[in-house]
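**Student:** Let me begin by handing over the structure; questions about it come next.
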Amino acid sequence: MADIRNNFVGIKSPNPFWLASAPPTDKAYNVERAYKAGWGGVVWKTLGEEGPPVVNVNGPRYGAIWGADRRLLGLNNIELITDRQLQLNLQEMKQVKKNWPDRALVASIMVPCVEESWKAILPAVEETECDGIELNFGCPHGMSERGMGSAVGQVPEYIEMVARWCKQYTRMPVIVKLTPNITDIRYPARAAKKGGADAVSLINTISSITSVNLDSFSPEPSIDGKGSHGGYCGPAVKPIALNMVAEIARDPQTAGLPISGIGGVTTWRDAAEFLALGAGNVQVCTAAMTYGFKVVQEMISGLSNWMDEKGHRSLDDIIGRATPNVTDWQYLNLNYIAKAHIDQDACIKCGRCHIACEDTSHQAITSMVDGARHFEVMEDECVGCNLCVNVCPVEGCITMVPLEVGALDQRTGKTVSPDYANWTTHPNNPMARQAAE
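Just so you know, the sequence shown maps onto residues 1 to 437 in full-length UniProt numbering.
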């Protein structure tokens, strides 16, 4: 049986599934229930400095995006960090860690970007005997307007500075949580590493407005007729998160920096994809808020069964396996040619492939043959874009079939070459021509 025990920067847990810092991790009651359900770790909801806690709104805190079947695709969250007293949180954390010594417990922290503020809170957090700290440099709303959260995460120099303070004033592993609300995720990751951070976690939520109420003309969620931008999360952000994780994992300046992957993890497959792109574990929020804490049991069994089926003995067999296969567009093999193929036995003759190709692509799929409704790929027009595969409602009905070396590409009239060729050397590339000259 596959071993899914996790060791992330020295923080051990029975599996790689952690609950992210969010409403589900705001108090001991929730965290204890999460551990009982099977979660390997928890990042406690973000703590603020001692004194009067922040004040959250007393009305709606979430906007939502749904699929056609009412499946939740994304949440827009306007809740702030914990609105409970710091000492109460710390007391509960200490007791929870005592009760569950085999589970990971990490404290998320957000205080003003002042050395004394970090110096003051770190010993108090360390006293709980939690396993590590996560610096919340990602929150895009409410706290960022106060000079915290993503206001820090968008300035690499601040990230490096605060990470260095934390490494100076605590023995605990330091994880820097990065904001996606930035042009190039590599710069904050490099800053975290330069500041001595043990790891990064990403992505935090994306600044967003999910919808507008067309009766009140107020963004949702609406508070007394007004709305605000919030943090977007859920399955819809997974592609953005995967890309940012991969960018850090393959950047020569951050290669080897441990990554905790966050963003739309709903199933074991989502988790496996994050791990394959270089994440050492994953953090989950929206899935737990949608389906409850026991959703982790399906994640655990699914990941274990898949690893057994594929012969992967431990998480180390998976982590980073896909990273070398992520490249820049200019290095993709231009001599690789594939054509779409429609399985006529599986085709339900809905015509979606034809309409998509006819109206928006390359007019490469028939709609009628010999006077009968029939959908077939015309190889002399097909560029292999695979749009038809993605719009077809029948899984596996349309597949992409690579042409073998030496085969004739009917569209170009050329045979498939066995040689690798990319844009950097292509004759149409003006830079390549200049280099040759």
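We put the beta carbon where it would ideally sit given N, CA and C, even for glycine.
(1) Please name the residue in T179, P14, A246, N7 whose C-alpha comes closest to that of L277.
(2) So I398 is in the beta strand (DSSP E); what residue range does that whole segment cover?
(3) DSSP puts V284 in a beta bridge; with which residues?
(4) Please state whether DSSP places W100 in a helix, a strand or coil.
(5) Give the DSSP-derived three-state secondary structure of M378 in the structure shown.
(6) Just checking my contact of C285 with A20 at CB under 8 Å: how many whole Å lie between their CB atoms?
(7) From this set, G263, A236, C233, which residue's C-alpha is nearest L202's C-alpha?
(8) Would you identify the three-state DSSP class for D131, choosing helix, strand or coil?
(9) Select from D215, N204, I11 the residue whose C-alpha is nearest the C-alpha of G132.
(10) Over the uninterrupted beta strand (DSSP E) stretch that includes W44, give me the two end residues.
(11) Which two residues bound the contiguous beta strand (DSSP E) that contains I121?
(12) Just list the alpha helix (DSSP H) runs in the segment 301–363, keeping only unbroken ones of 4 residues or longer that don't cross its boundaries, in chain order.
(13) Using C-beta distances below 7 Å, list every residue in its chain close to G225, excluding the 5 sequence neighbours before and after it, in chain order.
(14) Does the distance from the C-beta atom of L315 to that of G280 stay below 9 Å?
(15) Contact between the segment 91–102 and the segment 26–42: three or more CB pairs below 8 Å?
(16) Within 10 angstroms of the Cβ of residue 460, are there 16 or more other Cβ atoms? Answer buried if so, exposed if not.
(17) Could you pull out every residue in the same chain whose Cβ sits closer than 6 Å to the Cβ of G195, ignoring the five residues on either side in sequence?
(18) Under the rule that 16 or more other beta-carbon atoms within 10 Å means buried, what is H426, buried or exposed?
(19) Would you identify the three-state DSSP class for S211, choosing helix, strand or coil?
(20) Kindly indicate which residue of P430, V9, R5, V391 has the alpha-carbon position closest to the one of V106.
(21) Quick one: give me the first and last residue of the beta strand (DSSP E) that G153 is part of.
(22) Decide if E273 is buried, meaning its Cβ has at least 16 other Cβ atoms within 10 Å, or exposed.
(23) Do you know offhand how far Y336's Cα is from Y420's?
(24) Given M289, which residues of its chain have a CB within under 8 Å of its CB, disregarding the five upstream and five downstream residues?
(25) Suppose contacts are defined by Cβ-Cβ distances below 9 Å. Is K97 in contact with T128 by that definition?
**Tutor:** In this structure, then:
(1) Looking at the Cα atoms, A246 is the closest of the given residues.
(2) Start and end: 398–402.
(3) Residue pairing by DSSP places V284 opposite L19 in a beta bridge.
(4) In the structure shown, W100 sits in coil (DSSP, three-state: anything other than H, G, I, E or B).
(5) Coil.
(6) Yes, they are in contact, since the Cβ atoms of C285 and A20 sit about 4 Å apart, within 8 Å.
(7) Selected option, being the one with the closest Cα: G263.
(8) Of the three classes helix, strand and coil, the one that applies to D131 here is coil, per DSSP.
(9) Comparing Cα-Cα distances from G132 to each of D215, N204, I11, the minimum goes to I11.
(10) Judged by DSSP secondary structure, W44 falls within the beta strand (DSSP E) whose first and last residues are 41–47.
(11) Looking at the DSSP string, I121 is not in any beta strand (DSSP E); the run it does join, the alpha helix (DSSP H), is 115–126.
(12) DSSP runs (the alpha helix (DSSP H)) wholly in the segment 301–363: 352–360.
(13) So the list reads S216, S218, once near-sequence residues are dropped.
(14) Contact flag set, yes.
(15) Judged by Cβ distances under 8 Å, the segment 91–102 makes contact with the segment 26–42, as three or more pairs qualify.
(16) The shown model of the chain, from 1 to 437, leaves out residue 460, and the question about it has no answer.
(17) Only E160, A163, R164 meet the Cβ criterion.
(18) With a 10 Å radius around the Cβ and a threshold of 16 neighbouring Cβ atoms, H426 comes out exposed.
(19) Coil at S211, not helix or strand.
(20) Ranking P430, V9, R5, V391 by Cα distance to V106 puts V9 first.
(21) Looking at the DSSP string, G153 is not in any beta strand (DSSP E); the run it does join, the alpha helix (DSSP H), is 150–153.
(22) Buried: at least 16 other Cβ atoms inside 10 Å.
(23) If I take the Cα positions, the gap works out to 8 Å.
(24) Counting only Cβ-Cβ distances below 8 Å, and skipping sequence neighbours, we find A22, P23, P24, L75.
(25) A contact, by the Cβ cut-off of 9 Å.
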